[in-house]
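Peer 1:
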Amino acid sequence: MEDAYSERHLPELVKAGSISATKNLSEAAKSSDVVIVCVPTPLDAKGEPDLSFLKSVARDLSKNLSGFKLVIVESTSFPGTTTDIFQPLLERSGKKPDRDFALVYSPERIDYGNAEFGVRNIPKVVGGINDESTQLGAEFYKSILDAPVVTVGSPSVAEATKMLENIFRYVNIALVNELAVLHETLGVDFVEAINAAATKPFGFMPHYPGPGVGGHCIPKDPFYLVYKAKQAGFPLRLVSASKAVNKMMPVHTIERLVLALKAVKKSLPNTTVVVWGLAYKGEVKDTRRSPSLELLKLLKQSKAKIRVFDPYVPRVTVGGKEYESNISEIESVRDADALIIATAHNAFRSFDLSKIKSLMRSNPILFDTRNLRTRSESEEVGFTYLATGRP
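Using our numbering, you'd call the opening residue of the sequence shown number 27 and step up by one each time.
1) Given 8 Å as the limit, is there contact between the stretch 340 to 347 and the stretch 369 to 389, that is, 3 or more CB pairs closer than that?
2) Indicate the three-state DSSP secondary structure (helix, strand or coil) for Ile391 in the structure shown.
3) Using only alpha-carbon positions, find the residue among Val310, Gly238, Glu357, Ser402 that is nearest to Leu322.
4) Determine, using beta carbons only, whether Phe104 and Tyr196 come nearer to each other than 8 Å.
5) Lys89: buried (16+ other C-beta within 10 angstroms of its C-beta) or exposed?
6) Where does the unbroken alpha helix (DSSP H) through Val97 begin, and where does it stop?
7) Whole angstroms is fine: what's the gap from Pro37's alpha carbon to Ala47's?
8) Can you check the stretch 159 to 237 for any alpha helix (DSSP H) of at least 4 residues that lies completely inside it and give the ranges in chain order?
9) At the level of alpha carbons, what is the spacing between Asp394 and Ile244?
10) For Ala289, which residues in the same chain have their Cβ closer than 8 Å to its Cβ, ignoring the five residues on either side in sequence?
11) Phe112 bridges to which residues according to DSSP?
12) If you draw a straight line from the alpha carbon of Glu142 to that of Val152, how long is it in whole angstroms?
13) If you follow the beta strand (DSSP E) that Ala413 is part of, which residue opens it and which one closes it?
14) Let me know the secondary structure DSSP gives Met27 once reduced to three states.
15) Output the boundary residues of the beta strand (DSSP E) element that contains Leu77.
16) Please classify Phe228 as buried or exposed, where buried requires at least 16 other C-beta atoms within 10 Å of its C-beta.
17) Got a sec, what are the start and stop residues for the alpha helix (DSSP H) Val359 sits in?
18) Over what stretch of residues does the alpha helix (DSSP H) that includes Ile403 continue unbroken?
19) Would you call the stretch 216 to 224 and the stretch 168 to 179 in contact, with 3 or more CB pairs under 8 Å?
20) In angstroms with no decimal places, state the Cα-to-Cα distance between Gly106 and Phe260.
21) In terms of alpha-carbon separation, which member of Pro248, Val299, Gly240 lies closest to Val310?
22) In the DSSP output, which residue or residues are listed as bridge partners for Ile332?
23) Note the first and the last residue of the continuous beta strand (DSSP E) segment covering Thr343.
24) Would you kindly report the start and end of the unbroken alpha helix (DSSP H) that includes Tyr349?
25) What are the boundary residues of the beta strand (DSSP E) that includes Val61?
26) Just to confirm the assignment, what range does the beta strand (DSSP E) spanning Tyr131 have?
27) By alpha-carbon positions, which one of Asn296, Val407, Ser318, Ile193 ends up nearest to Ser328?
28) Alpha helix (DSSP H) containing Leu251: first to last residue?
29) DSSP three-state call for Val40: helix, strand or coil?
30) Just to check my reading of the structure: Arg360 and Leu385 have Cβ atoms closer than 8 Å, yes? What is that Cβ distance to the nearest angstrom?
31) Among the residues of its own chain, which have a CB less than 6 Å from the CB of Ala358, if the five just before and after it don't count?
32) Comparing C-alpha positions only, which one of Leu96, Lys72, Cys64, Phe94 sits nearest to Ser82?
33) Could you pull out every residue in the same chain whose Cβ sits closer than 6 Å to the Cβ of Asn198, ignoring the five residues on either side in sequence?
34) Does Leu365 come out as helix, strand or coil in the three-state DSSP assignment?
35) Residue range of the beta strand (DSSP E) that Val145 falls in?
36) When burial is assigned at 16 or more other CB atoms within 10 Å of the CB, is Phe230 buried or exposed?
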């Protein structure tokens, strides 16, 4: 978990003996009053929910709970997971709610890399299987957090809260991505339009286009609810359509690059393309489902010569090939034909455009998929400038 507070204080807490780690669930459960379950909930090869980790923990806890425990599930899943899947497994060895355990669902809401909002100050949503569980869960979080604790009527409501939050973001990213492609075709600066719309003090929340959607949560979580909706006979058409749009963006990015290269009498095969940014978002080192990985895959398929640079990520492996991050921005662009800015790292907002351009081959292309630089400053030093959402 990349949380600024946790990263800053974790070493001192470990040194003081306040925190210890073990791989022995039985040992951990028996020596704890509160058990927080935050195991992965990925998608399987068919794109459907894989709850095997969560189920495994529930079975093991059922066998190892002794004395009364507060059990909190934080792993993301569809409404009904805690009460219909986790709780029956927890009760399998004869454990009973209120007598042996209180059970709560409280979604993890961390925004990785966000220095302002972290574990301690993000409001915590808590929904228990009954009033007693909800009260115990709320009291626990109030004792350790500086944020409000919001209680809801059931674990399913709390699960639906997390689904809503991430689907809201996923669908809105798809909306601006699709409109960005349209406005590129129309010759209209859509990013400027977003910034203008953001001045409206109500009814609008800005989202920005990019080369795709990445991270562990946003590209995955909506399809937990898609699965549940399908089971209920109510297909989520908007979410499914959003997936098609968001998956299109890396392809669209490479297609625009191909056209720009053609305009300066170059082609992608054997052209040197540098990708700046391997992480899925700025100021983090997490590459899970990063759009950059899909860009690398497409560039490799097109037989481009590829270099990468990311100040946080030393290397990535895509399609069996390892890409090692160059030692610096300068070395990465030397004699390159095109530079793609794929991640919004702060370092990429302030690099010397003139110096970077001078190290590249003739007619260099700068494709700023994150809109960190301006057309005027880029073209002034001699770049052919491309940006997502800008013609």
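Just so you know, even glycine gets a beta-carbon here, dropped at the ideal spot from N, CA and C.
For clarity, every value in this text was computed on a predicted model and none was experimentally measured.
Peer 2: Answer, in terms of the structure:
1) no
2) Here residue 391 refers to the residue found at position 365 when the sequence shown is read from its first residue. Of the three classes helix, strand and coil, the one that applies to Ile391 here is strand, per DSSP.
3) As a first step, residue 322 must be located in the sequence shown, where it is residue number 296. Per the Cα distances, Gly238.
4) On the sequence shown, position 78 is the one that residue 104 refers to. On the sequence shown, position 170 is the one that residue 196 refers to. No; because the gap between Cβ atoms is not below 8 Å, this pair is not in contact.
5) Sequence index remark: in the sequence shown, residue 89 carries index 63 (1-based). The residue in question, Lys89, is exposed, as its Cβ has fewer than 16 Cβ neighbours within 10 Å.
6) As a working mapping, residue 97 is identified with position 71 in the sequence shown. Careful: Val97 lies outside any alpha helix (DSSP H), inside the beta strand (DSSP E) at 95 to 99.
7) In the sequence shown, residue 37 corresponds to position 11, counting from 1. In the sequence shown, residue 47 corresponds to position 21, counting from 1. Going from the Cα of Pro37 to the Cα of Ala47 covers about 13 Å.
8) 181 to 212, 216 to 223
9) Position 368 of the sequence shown, counted from the first residue, corresponds to residue 394. Position 218 of the sequence shown, counted from the first residue, corresponds to residue 244. Cα to Cα, the separation comes out at about 22 Å.
10) Here residue 289 corresponds to residue number 263 of the sequence shown, with the count starting at 1. Excluding residues within five positions, the ones whose Cβ falls inside 8 Å are Thr410.
11) Your numbering for residue 112 matches position 86 in the sequence shown. Its beta-bridge partners do not exist; DSSP assigns none.
12) Counting from one through the sequence shown, the residue named residue 142 turns up at place 116. Counting from one through the sequence shown, the residue named residue 152 turns up at place 126. Computed Cα separation, rounded: 22 Å.
13) Here residue 413 refers to the residue found at position 387 of the sequence shown. Looking at the DSSP string, the run of the beta strand (DSSP E) that includes Ala413 is 410 to 413.
14) Here residue 27 refers to the residue found at position 1 of the sequence shown. Because the pLDDT of Met27 is 46, which lies under 50, any placement of that residue in the model is unreliable, and the question is left without a value.
15) Translated into the one-based positions of the sequence shown, residue 77 becomes position 51. That residue, Leu77, is in no beta strand (DSSP E); it is neither H nor E in DSSP.
16) Here residue 228 corresponds to residue number 202 of the sequence shown, with the count starting at 1. That one is exposed.
17) Along the sequence shown, one-based indexing puts residue 359 at 333. Counting along the chain, the alpha helix (DSSP H) containing Val359 begins and ends at 355 to 359.
18) Within the sequence shown, the letter at position 377 stands for residue 403. For the sequence presented, residue 403 should be read as Glu rather than Ile. Glu403 -> alpha helix (DSSP H) spans 401 to 406.
19) no
20) By 1-based counting over the sequence shown, the position of residue 106 is 80. By 1-based counting over the sequence shown, the position of residue 260 is 234. Each residue's alpha carbon lies about 16 Å from the other.
21) Numbered from 1 along the sequence shown, position 284 holds the residue referred to as residue 310. Checked all of Pro248, Val299, Gly240; the closest Cα to Val310 is Gly240.
22) Start at 1 with the first residue of the sequence shown, and residue 332 comes out as number 306. According to DSSP, Ile332 bridges with Val299.
23) Start at 1 with the first residue of the sequence shown, and residue 343 comes out as number 317. Segment 341 to 344, the beta strand (DSSP E) holding Thr343.
24) Here residue 349 is taken as the residue at index 323 of the sequence shown, counted from 1. First-last for Tyr349: 347 to 350, but that is the beta strand (DSSP E), not the alpha helix (DSSP H).
25) By one-based count along the sequence shown, residue 61 stands at place 35. Under the DSSP assignment, Val61 falls in the beta strand (DSSP E) whose first and last residues are 60 to 63.
26) Taking the sequence shown and counting its residues from 1, the one referred to as residue 131 is at position 105. Segment 127 to 131, the beta strand (DSSP E) holding Tyr131.
27) For this step, residue 328 is matched to residue 302 along the sequence shown. When only C-alpha atoms are compared, the closest one is Asn296.
28) The residue given as residue 251 occupies position 225 in the sequence shown. Taken as a continuous stretch (DSSP letters only), the alpha helix (DSSP H) holding Leu251 covers 248 to 257.
29) Working through the sequence shown from its first residue, we reach residue 40 at position 14. Helix.
30) Reading the sequence shown from its first residue, position 334 is the one you call residue 360. Reading the sequence shown from its first residue, position 359 is the one you call residue 385. At roughly 5 Å, the Cβ-Cβ gap stays under 8 Å, so Arg360 and Leu385 are in contact.
31) For the purposes of this step, residue 358 is identified with residue 332 of the sequence shown, where counting begins at 1. With the sequence shown as reference, residue 358 is identified as Ser, and Ala is not the correct amino acid for it. So the list reads Val300, Arg333, Phe335, Asn352, once near-sequence residues are dropped.
32) Taking the first residue of the sequence shown as 1, we reach residue 82 at position 56. Ranking Leu96, Lys72, Cys64, Phe94 by Cα distance to Ser82 puts Cys64 first.
33) Within the sequence shown, the letter at position 172 stands for residue 198. Cβ neighbours of Asn198 beyond the five flanking positions: His233.
34) For the purposes of this step, residue 365 is identified with residue 339 of the sequence shown, where counting begins at 1. Note: Leu365 maps to strand in three-state DSSP.
35) Residue mapping note: residue 145 aligns to position 119 of the sequence shown, counting from 1. Bounds of any beta strand (DSSP E) do not take in Val145, whose DSSP letter is neither H nor E.
36) Here residue 230 corresponds to residue number 204 of the sequence shown, with the count starting at 1. It is exposed - the Cβ of Phe230 has fewer than 16 other Cβ atoms within 10 Å.
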